[in-house]
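Q:
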Amino acid sequence: MKCGFFLVIAYLNLLGLSAWGQRNVSNFDRDWRFARFGLQADGTRLPEPDSLEAYEVDDTSWRKLDIPHDWAIEGPFRIDLDGYTGKLPWQGIGWYRKHFTVSAKDKKKRFYLDFDGAMANAEVWLNGKKVGERPFGYSSFRVDLTPYVLYGADNVVAVRLDTEKFGSRWYPGAGIYRHVRLVKTEPVHVAHWGVFVTTPEITDTYATAFVHVEVENNRQYAVKGQYTVDIYELDANDVIGEKVASTTKRSMFLDAGSSVEDSVSLRVESPKRWDLEHTHRYLACVSVYDKNKLVDVYDTPFGFRTILFTHDNGFLLNGKRVQINGTCNHHDLGALGAAINKVALERQLRILKSFGCNALRTSHNPPAPELLELADKMGFLVMDELFDCWTVGKKKNDYSALFDKWHEKDIETLVCRDRNHPSVIMWSTGNEVHEQYEPEKGVARHLTEVVHRFDHTRPVTFGASYPSKSAMNGTELQVDVHGMNYAAGVYGGPDFYGKFLNKEGHEHLSGYSSESSSTMSSRGEYFPRKHHVSSYDLTEPGWGGLPDWEFAALDKYPAICGEFVWTGFDYLGEPTPFNSDASVLLNHAEALNREQLAQEKEALEKIEKNRPTSRSSYFGIVDLAGFPKDRYYLYQSRWLPDLPMVHILPHWNFPDRMGEVTPVFVYTSGDEAELFLNGKSLGKKKKLPYEYRLRWDDVIYKPGELKAVAYKQNQKWAEAVVRTTGEAVKLKLTPDKTSIKADGEDLVFVKVSLTDKDGNEVPTAENVISCTLVGTGEVIATDNGDPTCLIPFQETTRPAFNGLYLAIVKARFGCNGPLHLIVESKGLERAEMKIMIEN
Ligand code: GAL
1 MKCGFFLVIA
11 YLNLLGLSAW
21 GQRNVSNFDR
31 DWRFARFGLQ
41 ADGTRLPEPD
51 SLEAYEVDDT
61 SWRKLDIPHD
71 WAIEGPFRID
81 LDGYTGKLPW
91 QGIGWYRKHF
101 TVSAKDKKKR
111 FYLDFDGAMA
121 NAEVWLNGKK
131 VGERPFGYSS
141 FRVDLTPYVL
151 YGADNVVAVR
161 LDTEKFGSRW
171 YPGAGIYRHV
181 RLVKTEPVHV
191 AHWGVFVTTP
201 EITDTYATAF
211 VHVEVENNRQ
221 YAVKGQYTVD
231 IYELDANDVI
241 GEKVASTTKR
251 SMFLDAGSSV
261 EDSVSLRVES
271 PKRWDLEHTH
281 RYLACVSVYD
291 KNKLVDVYDT
301 PFGFRTILFT
311 HDNGFLLNGK
321 RVQINGTCNH
331 HDLGALGAAI
341 NKVALERQLR
351 ILKSFGCNAL
361 RTSHNPPAPE
371 LLELADKMGF
381 LVMDELFDCW
391 TVGKKKNDYS
401 ALFDKWHEKD
411 IETLVCRDRN
421 HPSVIMWSTG
431 NEVHEQYEPE
441 KGVARHLTEV
451 VHRFDHTRPV
461 TFGASYPSKS
471 AMNGTELQVD
481 VHGMNYAAGV
491 YGGPDFYGKF
501 LNKEGHEHLS
511 GYSSESSSTM
521 SSRGEYFPRK
531 HHVSSYDLTE
541 PGWGGLPDWE
551 FAALDKYPAI
561 CGEFVWTGFD
571 YLGEPTPFNS
581 DASVLLNHAE
591 ALNREQLAQE
601 KEALEKIEKN
611 RPTSRSSYFG
621 IVDLAGFPKD
631 RYYLYQSRWL
641 PDLPMVHILP
651 HWNFPDRMGE
661 VTPVFVYTSG
671 DEAELFLNGK
681 SLGKKKKLPY
691 EYRLRWDDVI
701 YKPGELKAVA
711 YKQNQKWAEA
721 VVRTTGEAVK
731 LKLTPDKTSI
741 KADGEDLVFV
751 KVSLTDKDGN
761 EVPTAENVIS
771 CTLVGTGEVI
781 ATDNGDPTCL
791 IPFQETTRPA
801 FNGLYLAIVK
811 ARFGCNGPLH
821 LIVESKGLER
831 AEMKIMIEN
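Note that the sequence shown covers residues 1 to 839 in full-length UniProt numbering.
Rendered as structure tokens:
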């Protein structure tokens, strides 16, 4: 072990520098100035002054803020805005400026700014000189500041973003919504994303790490360079362990102003494989020498694992079949909007894991890099996706407007950024693209080839809509793995998969469901109010299906690798079935006949007349606030079959349904269950083949207690009780932790529930709740999971929705606590909790 190294790491961490290496990477998130022009939050327009990039612009009156920042999540929600982008005022022109100094001693250094993503149409200037641009708001990009840096003086970076010329089918967010870092290097250094580690051989006794290195020489003269590679073990907290392999110095001749590539193989004895339960990682540490002087150290985490998509036995990880139990998710973090926060993202992934989700589809765009890092550490498989459309758009000014000029660059960026992550198992070039119906144009093939230029080790896919129409036309042979959206009905049909497997060229093609289900519900609503969808989990849009439908298809056809459910979390925008536009209803227009199309249009007109307040989706297994819906337990019962569990729905607080038929469903990982109402058995039910929920459809409502006792192989397996509760008299706080770091990023999520006098959560309570934070911190957002609620997320007062409310607490940067959260509701005893600051 290298104790000295740990001290260096701890010190670098304190400085906000890279965790491992000696490369100088500093956090560039703090102290920006921001001003918004063009469309304002209230719909008025503020003319954009000329030349805001100029060095001398007086920005002292601009708003001071830290990034990541999403100007749109600040709202307010506006009923007149489109539901499909969340009724939030995301369109506008945003300017960000940041002042910083560069020491006169650094005259010979190179300076780069790395943006993880800026929404959208980013243009970047340093001291009034343009240094770069990147229109696609989801792409990471680097700009080279070096030519215009002022040494020993004030420097100004200016960034202009324009979301007015940008089209999206969901809420995209707006602003510099991901991290930015300042990278300082010597003239000779590893190129941007310039290390690619592949693992061509993995056995129990040894593995080979094949390390490809690209080094840049920014000097005016040729350089005799050298490099070495060392491989270390890396633990889950990013602490470096034993060195397990290394090279001697290897020479590189670097011409003036050029870059050179080289590769080297290293043998690692007894490799620890990365898998979903044991997320062993290694670190490839590349050291670069200019003559004999060490000038750069560049670190790349990676893992040893094999992946194989088979046509007859699904997906194999390290040679073993792993069913893909995945979810699709958009990039927003609910009440926090699109601004990346690793703690909030980690919470989402923890919740997904808790019901057995083991795979993520980054629908439909490049994710924040933190997602890959967390997936590596937490054990998820990732389908890393690029685009929602190619040459033919779905919305005005969407990616189709950028495709010709930018698609190769955007592919290169994503693949080079993410190709060392063991969690990434495939690249997806698109979703429900028009070109799937035009195989002769070969767009899918072209994109597959572009991806393989940068990574030949993983398959390429895209999500095909209506695979029954497009999968047999040849497009499916232009990718490596066949992604099918909503295709449960066709996997086994004589016209499809049977034929599909036997068709020439299809012998080795494997398939999986790139999108499944699309079941809709509002948490806790069973006989739903206006603009809500019942939580009996029986509502699907025309193109979708119920979870059970997909389960049955996958059970019948185990050759299919698994599914990505639409969606894990509710997300901002796309509030189908209460969308007030054509974004989803007419998604599949090309595949519909005239009669179906007319029906869809009629449905749309009706919705438009009602102008619903719905602003976020109903598709999630979990609601926008992170509270599980009933469906959560249906997936848990299937995806974690060894976890003893049983869940009853609905709740049992229906004073208006006295004597009325009120169906009761039971989700269990057992194979049968007995249901009791007030101690009286309503019978035992067993899951029949291809049945996944147990239903008692004719229960007559009477208040009291519902109890379900589940059995597995005739043994008692789990028990659950649901009771009619009294009225809400108390507030209960359930935080996800009780201490917080004052690092400007850490968050505590506090669930507030309303309980009766006996402590039972009241599932229908909608009391108005307020919270206050005393101390050096803030409640930065609240939510309740109600997709129709138009109260801004920053408000600390809102009603509970079906019994629950969420407060998100952050400590002020660098403060020392403690923080004190007070939660109140009229007529109820107030609740309080202390949150300690971690050192
Ligand atoms: C799919 C589409 C997704 C989402 C979903 C809603 O067809 O690929 O992006 O719109 O429908 O069900």
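The C-beta atom is built at its ideal place from N, Cα and C for all residues, glycine as well.
All values derive from a computational prediction rather than experimental measurement.
Can you tell me which of the three DSSP states THR85 falls into?
A: In this structure, THR85 counts as helix in the three-state DSSP scheme.
Q: Based on Cα-Cα distance, which residue from ASN318, LEU374, ASN784 and GLU74 lies nearest to ALA344?
A: Considering only alpha carbons, the answer is LEU374.
Q: Tell me whether GLU550 is buried or exposed, calling it buried when 16 or more other Cβ atoms sit within 10 Å of its Cβ.
A: The residue is buried, with at least 16 neighbouring Cβ atoms inside 10 Å.
Q: Measuring from the CB of ASN431, is there a heavy atom of ligand 1 at a distance below 7 Å?
A: Because some heavy atom of ligand 1 lies under 7 Å away, the Cβ of ASN431 counts as near it: yes.
Q: Look at the Cβ atom of LEU360, then the Cβ atom of PHE387, and state whether they are nearer than 8 Å.
A: Taking 8 Å as the Cβ cut-off, LEU360 and PHE387 do not qualify as a contacting pair.
Q: Throw me the rounded Cβ distance for the LEU747 and ASN341 pair, which I believe falls under 8 Å.
A: That belief holds up - the Cβ atoms of LEU747 and ASN341 are roughly 7 Å apart, short of 8 Å.
Q: Tell me the residue span of the beta strand (DSSP E) that contains LEU145.
A: Run containing LEU145: none; DSSP gives neither H nor E here.
Q: Could you work out which residue in TYR55, PRO799 and ARG615 is closest to VAL77 when comparing CA atoms only?
A: Val is not the amino acid found at residue 77; the sequence shown has Phe there. Selected option, being the one with the closest Cα: ARG615.
Q: Quick one: residues in its chain with C-beta nearer than 6 Å to the C-beta of THR279, no 5 flanking neighbours on either side, listed in chain order?
A: Once the five neighbours on either side are set aside, the close Cβ partners of THR279 are LYS377 and GLY379.
Q: Taking only the alpha-carbon atoms, compute the straight-line gap between ASP290 and LEU113 and give it to the nearest angstrom.
A: C-alpha separation (whole angstroms): 23 Å.
Q: TRP543: beta carbon under 7 Å from a heavy atom of ligand 3?
A: The ligand content of the structure shown is limited to ligand 1, which means ligand 3 is not among them.
Q: At which residues does the beta strand (DSSP E) containing PRO200 begin and terminate?
A: Unbroken beta strand (DSSP E) run through PRO200: 188–202.
Q: Is the distance from the Cβ of SER518 to the Cβ of HIS532 below 8 Å?
A: No; because the gap between Cβ atoms is not below 8 Å, this pair is not in contact.
Q: To test your reading of the DSSP string, which unbroken beta strand (DSSP E) runs of 3 or more residues are found completely within the region 29–71?
A: Qualifying beta strand (DSSP E) stretches, in chain order: 32–39 and 63–65.
Q: Would you list the one or two residues that DSSP bridges to ASN217?
A: Answer is VAL188.
Q: Taking Cβ to Cβ, would you say ASP154 is nearer than 8 Å to THR203?
A: In this structure, THR203 does not lie closer than 8 Å to ASP154 by Cβ.
Q: Answer yes if the region 776–784 comes into contact with the region 801–816, meaning at least three C-beta pairs across the two stretches below 8 Å, and no otherwise.
A: With the cut-off at 8 Å, the region 801–816 and the region 776–784 touch.
Q: Quick check on ILE79: buried or exposed, where buried means 16 or more other Cβ atoms within 10 Å of its Cβ?
A: Exposed, since its Cβ has fewer than 16 Cβ neighbours within 10 Å.
Q: Is PHE578 near ligand 1, going by C-beta to nearest heavy atom under 7 Å?
A: PHE578 Cβ: outside cutoff for every heavy atom of ligand 1.
Q: In its own chain, which residues sit with a C-beta less than 6 Å from the C-beta of PRO467, not counting the 5 before and 5 after it?
A: Counting only Cβ-Cβ distances below 6 Å, and skipping sequence neighbours, we find MET484 and ALA487.
Q: My output table needs one value for THR755: the three-state DSSP class, helix, strand or coil.
A: THR755: strand per DSSP, three-state reduction.
Q: Kindly give me the distance between the Cβ atoms of THR391 and CYS357, rounded to whole angstroms, as I take these residues to be in contact under 8 Å.
A: Rounded, the Cβ-Cβ distance is 33 Å, inconsistent with contact.
Q: Helix, strand or coil, according to DSSP, for THR163 in the structure here?
A: Here THR163 sits in coil by DSSP.
Q: Determine, using beta-carbon pairs with one atom in the region 185–195 and one in the region 86–101, whether at least three such pairs fall under 8 Å.
A: No, the region 185–195 does not touch the region 86–101.
Q: Ignore the nearest five residues each way along the sequence and tell me which others in GLY43's own chain have a CB closer than 8 Å to its CB.
A: Once the five neighbours on either side are set aside, the close Cβ partners of GLY43 are ARG78, ASP80 and PRO89.
Q: Using 8 Å for Cβ pairs, my map puts GLY175 next to GLY225. What's the rounded Cβ distance?
A: Not confirmed; about 40 Å, so no contact.
Q: At a cut-off of 7 Å, would you count residue 840 as near ligand 1, judging by its Cβ distance to the nearest heavy atom?
A: Because the chain here runs from 1 to 839, residue 840 falls outside it and cannot be looked at.
Q: Using the rule of at least 16 other Cβ atoms within 10 Å of the residue's Cβ for burial, across every protein chain shown, is GLY803 buried or exposed?
A: It counts as buried.
Q: Please report the distance separating the alpha-carbon of ARG458 from that of LEU688.
A: Distance between the alpha carbons of ARG458 and LEU688 is about 39 Å.
Q: If we ignore side chains and look at the alpha-carbon of each, how far apart do GLU824 and ASP570 end up?
A: Going from the Cα of GLU824 to the Cα of ASP570 covers about 27 Å.
Q: Span of the beta strand (DSSP E) holding CYS328?
A: 324–328 is the extent of the beta strand (DSSP E) around CYS328.
Q: Have a look at LYS680, GLY817 and ARG723 and flag the residue whose alpha-carbon is nearest the alpha-carbon of LYS741.
A: Closest by alpha carbon: GLY817.
Q: Among the candidates ASN127, ASN24, PHE801 and HIS69, whose CA atom is the shortest distance from the CA of ARG36?
A: Among ASN127, ASN24, PHE801 and HIS69, the Cα nearest to that of ARG36 belongs to HIS69.
Q: Note the first and the last residue of the continuous beta strand (DSSP E) segment covering ILE425.
A: Element bounds for ILE425: 424–431.
Q: Would GLN713 be called buried (16 or more neighbouring beta carbons within 10 Å of its own) or exposed?
A: Counting Cβ neighbours within 10 Å, GLN713 comes out exposed, since fewer than 16 surround it.
Q: For the region 668–682 and the region 715–724, state whether three or more C-beta atom pairs, one from each stretch, are separated by less than 8 Å.
A: Flag = yes, the region 668–682 and the region 715–724 touch.
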